[in-house]
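>
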Amino acid sequence: MSDSDASAEPTAGQLRTPIVAVLGHVDHGKTTLLDTIRGSAVTEGEAGAITQHIGSTAVPLDVISEIAGKLVDPEDFDLPGLLFIDTPGHHSFSTLRSRGGALADIAIVVVDVTDGFQPQTIEALDILKRTQTPFVVAANKVDTLPGWNPDDVEPIQSAIDRQSDRVESDLNERLYEIIGELSDEGFSADMYWRVQNFQNNIGVVPLSAMTGEGVPDLLTVLMGLSQRFLKEEMSIDVGGPGAGTVLEVTEERGFGTTLDAIVYDGTVREDDRIVVGGVNEPIVTEVRALLKPKPLSEIRTEKEFDTVEAVAAADGIKIAAPDLDDAMAGAPIRVVRDRDLEEVIEEVQAELAEIEVGTEEEGVTVKADTLGSLEAISGTLEDEEIPIMHAEVGDVAPRDVRMAETADDPKHQAILAFGVDVLEDARRLAEQEDVDIFEDDVIYQLVEDYDEHVTAIEEAQQ
Ligand code: GDP
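In the UniProt record's numbering, the protein residues as written are 1 to 462.
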């Protein structure tokens, strides 16, 4: 039994953990920041309390308090901690949904202090504006600035306020540039220690994801923001029938197909009957086991799990159950328990129906990693007037090649694969049957490659 069992059967009316996503331009340090938060949580806290390898990392309040030192007094908080989604980027932010909208309750926008605002920074802000998600800005890589002295122990905050030797005026300038850019995007922002109301003002936290300096401040700001402005939303019936979102569908030795999931409402228990969004229709199955990665200190082989009897929102969990082969990343999960099964199935269907992917008699085949990304690609293809015949979540398999081959127009005998693998036998079959497979993790790149292919075909036909 793992440590997390202690909180497995909570009472109604408890507060759940806020879910945090990390966004920002490529190479600005999103992954490093997540690694550092996870790393310091493991070093500082009891290793057993840290959840890993299931798509999210839970950092309990007492561990945050250890990391943040006197900045976070557990007595001042009644939120249980923070749950970080491990896959950074606005792709995962906008494609992972919960009943109410975005799965994440709060976001960190990482900006490289030297590189400043870049296209994906602005895209991230647009998404956060649209979804009305509160966020803070991590002004990252302060250690790379000329004149930065890593041995100086003066905190960044006082160094900036005093304009001491620790910080060449350069850092100040760059931070104010970021604040100015935020203002151009319609956000009022300031250095985090001057912000009173984090709902109306964006706090900018200077830090180094690499050295870890400033990370305690970031965690403190996230906790403070959550405690003051998310408390109402975090107040749920934790003991009610669970609701969650599939992060990933994975094979696990000894367990078959399993779901890495985030439970954001209620409780999921062993033996619960659940409904999960599937490729063709909702899957009705029963939880066989709820798996948590073993504490890091005990991990001997790469992946080992403890089973828990129940998991309460919000937390990451691996769900083992029969018949999950057709489950889709990004799809909803609902516990039936004492509810009417038909009603729950309808609820799952209704949620899936909100994700619109139009298909036609003739067109290309699309495979994507999540429902949300499938929706995003089909939107782009529609804008480009490229028809879709078949669209599905999952890796490219031989049957997709056979499907694509049935298109009449040679330029439609193509598969656009977004963020998924192409199975070896599918690749062989595609070569044999002259079906073209395009692969990328960036939508416009994928569509551009396909466009070039179409142009080449059209030129050859003339
Ligand atoms: P992502 O694409 O946003 O996830 O960026 P990564 O976390 O992969 O970081 C991109 C590069 O910047 C990597 O080489 C990191 O080691 C480096 N990096 C990230 N954060 C820092 C930092 O605070 N200081 C320094 N010096 N390098 C950093």
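Beta carbons are placed, not taken as given, at the ideal position from N, Cα and C, and that holds for glycine.
If you're wondering where the values come from, they're calculated on a predicted model, not measured in any experiment.
#1: Is the beta carbon of Val26 within less than 7 Å of some heavy atom of ligand 3?
#2: Kindly examine ligand 1 and report whether one of its heavy atoms sits closer than 7 Å to the Cβ of Asp152.
#3: With a CB to CB cut of under 6 Å and the five nearest residues on each side skipped, what residues in its chain are close to Lys318?
#4: Got a sec? Which residues, its chain only, sit under 7 Å from Glu439 by beta carbon, not counting five neighbours each side?
#5: Counting pairs of beta carbons, one from the segment 243 to 254 and one from the segment 221 to 231, are three or more of them closer than 8 Å?
#6: How do the segment 205 to 214 and the segment 25 to 41 stand: do at least 3 beta-carbon pairs fall below 8 Å, yes or no?
#7: Bridge partners of Asp184, per DSSP?
#8: Helix or strand or just coil, what does DSSP make of His91?
#9: Between the Cα of Arg16 and those of Gly316, Asp126, Val308, spot the shortest distance and give me the residue it belongs to.
#10: At 4 residues or longer, and completely inside the segment 339 to 424: list those alpha helix (DSSP H) runs for me, N to C.
#11: If you measure from the CB of Val110, is any heavy atom of ligand 1 nearer than 7 Å?
#12: Tell me the rounded alpha-carbon separation between Leu83 and Ala314.
#13: Report whether the distance from the Cβ of Thr57 to the nearest heavy atom of ligand 1 is below 7 Å.
#14: Rounded to the nearest angstrom, what separates Glu46 and Ala310 at their Cα positions?
#15: Excluding five sequence neighbours on each side, which residues of the same chain lie with their C-beta closer than 6 Å to the C-beta of Arg174?
#16: Using CA atoms only, rank isn't needed, just tell me which of Asp409, Gly372, Leu182 is closest to Glu361.
#17: I'd like to know whether the C-beta atoms of Val111 and Ala139 end up nearer to each other than 8 Å.
#18: Could you check the C-alpha separation between Ile37 and Ala456 for me, to the nearest Å?
#19: Is the beta carbon of Ala124 within less than 7 Å of some heavy atom of ligand 1?
#20: Quick one: residues in its chain with C-beta nearer than 8 Å to the C-beta of Arg300, no 5 flanking neighbours on either side, listed in chain order?
#21: Note down, one range per segment and in chain order, each beta strand (DSSP E) of at least 3 residues found wholly within the segment 153 to 220.
#22: At 4 residues or longer, and completely inside the segment 15 to 39: list those alpha helix (DSSP H) runs for me, N to C.
#23: Among Tyr264, Ile236, Val336, Lys411, which has the Cα closest to the Cα of Val284?
#24: Leaving out the 5 sequence neighbours to the left and right, which residues in its chain are closer than 8 Å to Ser248 when beta-carbon positions are compared?
#25: Select from Leu33, Gly277, Pro216 the residue whose C-alpha is nearest the C-alpha of Leu371.
#26: Taking just the CA atoms, how far does Ala320 sit from Ala289?
#27: Count the other CB atoms, across all protein chains shown, that sit within 10 Å of the CB of Pro216; report buried if there are 16 or more and exposed otherwise.
#28: May I ask you to report which of helix, strand or coil DSSP gives Leu222?
#29: What is the rounded straight-line gap between the Cα of Ser164 and the Cα of Glu154?
#30: Terminal residues of the continuous beta strand (DSSP E) containing Thr133?
#31: Could you check what DSSP says for Val59 in three-state terms: helix, strand or coil?
#32: Extract the residue ranges of the beta strand (DSSP E) inside the segment 268 to 323, only unbroken runs of 3 or more that lie entirely within it.
In this structure, then:
#1: Ligands displayed in this structure: ligand 1; ligand 3 is not among them.
#2: No, the beta carbon of Asp152 sits no closer than 7 Å to any heavy atom of ligand 1.
#3: Answer for Lys318: Ile54, Thr258, Asp260, Leu291, listed in chain order.
#4: Closer than 7 Å at Cβ, skipping near neighbours: Ala417, Val422.
#5: Output reads no: the segment 221 to 231 does not touch the segment 243 to 254.
#6: Judged by pairs of C-beta atoms under 8 Å, the segment 205 to 214 touches the segment 25 to 41, as three or more such pairs exist.
#7: As far as DSSP is concerned, Asp184 takes part in no beta bridge.
#8: It is helical.
#9: Ranking Gly316, Asp126, Val308 by CA distance to the CA of Arg16 puts Gly316 first.
#10: Along the segment 339 to 424, the alpha helix (DSSP H) occurs as fully enclosed runs of 4 or more residues at 341 to 353, 371 to 383, 398 to 405, listed in sequence order.
#11: It does: the Cβ of Val110 is within 7 Å (strictly closer) of some heavy atom of ligand 1.
#12: Near 7 Å, if we compare the C-alpha coordinates of Ala314 and Leu83.
#13: Residue side-chain check: Thr57 keeps its Cβ at 7 Å or more from all non-hydrogen atoms of ligand 1.
#14: For Glu46, the pLDDT reaches just 46, beneath the cut-off of 50, and the residue's location in the model is therefore unreliable, although a value from the coordinates is still provided. Here the alpha carbons of Ala310 and Glu46 stand approximately 21 Å from one another.
#15: Beyond the five residues adjoining it in sequence on each side, Arg174 comes within less than 6 Å, by CB distance, of Val113 in the same chain, given in chain order.
#16: Among Asp409, Gly372, Leu182, the Cα nearest to that of Glu361 is on Asp409.
#17: Yes.
#18: Approximately 48 Å, taken between the alpha carbons.
#19: Using a cutoff of 7 Å, the CB of Ala124 does not count as near ligand 1, since none of the ligand's heavy atoms is closer than that.
#20: Note that Arg300 scores 46 on pLDDT, short of 50, meaning its location in the model is unreliable; the coordinates nonetheless yield the value given after this. No residues qualify anywhere along the chain.
#21: Whole beta strand (DSSP E) segments, 3+ residues: 188 to 191, 201 to 206.
#22: List check, alpha helix (DSSP H) in window: nothing returned.
#23: Out of Tyr264, Ile236, Val336, Lys411, Val336 has the C-alpha closest to the C-alpha of Val284.
#24: Here residue 248 is Glu; the residue named in the question, Ser, does not match the sequence. Excluding sequence positions up to five before and after Glu248, its CB lies within less than 8 Å of the CB of Gly55, Leu259, Asp260, Ala329, all in the same chain and listed in chain order.
#25: Minimum Cα-Cα distance from Leu371 among the listed residues Leu33, Gly277, Pro216 corresponds to Gly277.
#26: Distance between the alpha carbons of Ala289 and Ala320: 5 Å.
#27: Around the C-beta of Pro216, 16 or more other C-beta atoms lie within 10 Å, and the residue is accordingly described as buried.
#28: Leu222 sits in a helix when the DSSP states are folded into three classes.
#29: Rounded to whole angstroms, Ser164 to Glu154 spans 9 Å at the Cα level.
#30: From DSSP, Thr133 is part of no beta strand (DSSP E); its letter is neither H nor E.
#31: Note: Val59 maps to strand in three-state DSSP.
#32: List check, beta strand (DSSP E) in window: 273 to 276, 283 to 286, 289 to 293, 305 to 308, 310 to 312, 315 to 320.
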